[in-house]
Amino acid sequence: VAIIQTLNFALTLEYLEAEFYNVGLGRGFIPGTYRPVFEQIAKHENAHVNLLKGVLGGNAVPKPTFDFTAGGAYPDVFSNYETFVRLSVAFEDTGVR
411 VAIIQTLNFA LTLEYLEAEF YNVGLGRGFI PGTYRPVFEQ IAKHENAHVN
461 LLKGVLGGNA VPKPTFDFTA GGAYPDVFSN YETFVRLSVA FEDTGVR
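Quick note: the sequence shown uses this note's numbering, first residue 411, plus one each step.
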């Protein structure tokens with residue numbers, strides 16, 4: 411049971427990261443020079459989600475709904491590249507820790 415809970419915790423974080431990059435890429439505000447970098451990151455995050463869902467099978471938690479504005483603190487997260495990058499760094503740092 412503990413391993414399932416741990417893997418579901420990891421899956422939830424991967425859902426968050428994958429959704430963040432997928433939405434960001436879909437909005438068209440990322441400068442062309444940096445777009446390939448974020449496409450690669452999104453590809454990895456989506457692969458992590460698929461791996462964990464595959465391992466967990468029917469025990470996988472469903473993807474929650476995320477508020478990437480943090481209750482309005484970052485209302486421009488998907489329109490301002492600098493804000494997007496700041497949150498990207500925070501999410502990646504959280505994932506590493």
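Just so you know, even glycine gets a beta-carbon here, dropped at the ideal spot from N, CA and C. These numbers come from a predicted model, not from an experiment.
Within the same chain, Y425 come within 6 Å of K473 by CB-CB distance, once the 5 residues on both sides are set aside.
Counting C-beta pairs with one atom in each stretch, the region 474–485 and the region 424–439 have three or more that are closer than 8 Å, which means they touch.
Here F419 is exposed. Its C-beta has fewer than 16 other C-beta atoms within 10 Å.
Ranked by Cα distance from H454, the options Y491, L466 and N432 are led by N432. For E492, the number of other beta carbons within 10 angstroms of its own is below 16, and it is reported as exposed. When the Cα atoms are used, G434 and V499 turn out to be separated by approximately 14 Å. Our two residues, I451 and Y444, have alpha carbons roughly 11 Å apart in a direct line.
The continuous alpha helix (DSSP H) containing N460 extends over residues R445 to L466. V487 sits in coil when the DSSP states are folded into three classes, being neither helix nor strand.
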